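Per this note's numbering, the sequence shown starts with residue 399, numbered consecutively.
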Amino acid sequence: MKRRALVRHLRKHSCYFIREGGRHSRWGKMHIGVQVSTSVPRHNEIGKWLVEKICKDLKIPPP
């Protein structure tokens, strides 16, 4: 999946950008009053299994 499509999916499910790291971006979401966050790599193409893991960490449905 393209990174741009994943970011669009994250924003659609009210996830927000936290900060940039060395090779990853940090994204988060408030879930039942608790902030959950995960790292999203800055690669053009992100593998399907990693996309599913990112969505699972943020407690949103996979695309």
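Each residue gets a CB set at the ideal place from its N, CA and C atoms; glycine is no exception. Please read these numbers as outputs of a predicted model, since none were measured by experiment.
Around the Cβ of V432, a 10 Å sphere holds fewer than 16 other Cβ atoms; the residue is exposed.
Taking the CA atoms as reference points, P459 sits about 9 Å from H411. The beta carbon of P439 lies closer than 7 Å to those of R421 and H422 in the same chain, with the five residues before and after it left out.
Closest by C-alpha distance to I416, out of A403, R406, T436 and R401, is T436. Counting of Cβ neighbours within 10 angstroms places I430 among the exposed residues, the total staying below 16.
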